[in-house]
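In this note's numbering, the protein residues as written are 10 to 51.
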């Protein structure tokens, strides 16, 4: 069926976007804690 490749591509793009957004959010969430641990003087 012609629609399957497009549907698969959309799914992959959606998963990629979700993973990117999740990793970005995790990075923003974790960086301050790493900064506190690495630089307690700050």
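Glycine residues also receive a C-beta, built at the ideal position from the N, C-alpha and C atoms.
Note to self: Once the 5 residues before and after residue 36 are set aside, which same chain residues still bring their CB inside 7 Å of it?
What the structure shows: Taking C-beta separations shorter than 7 Å and ignoring five residues to either side along the sequence, residue 36 has no partners in its chain.
(Q) Once DSSP output is grouped into helix, strand and coil, what is the label at residue 48? (A) Looking at residue 48 - three-state DSSP - the assignment turns out to be coil, as it is neither helix nor strand.
Check your understanding: To which residues of the same chain is residue 33 closer than 7 Å at the C-beta, ignoring the five residues directly before and after it?
Key -> Here residue 33 has no same chain residue with a Cβ atom under 7 Å from its own Cβ, once five neighbours each way along the sequence are excluded.
Beta-carbon contacts of residue 30 that lie in its chain and below 7 Å, excluding the five residues immediately before and after = Around residue 30: no qualifying Cβ.
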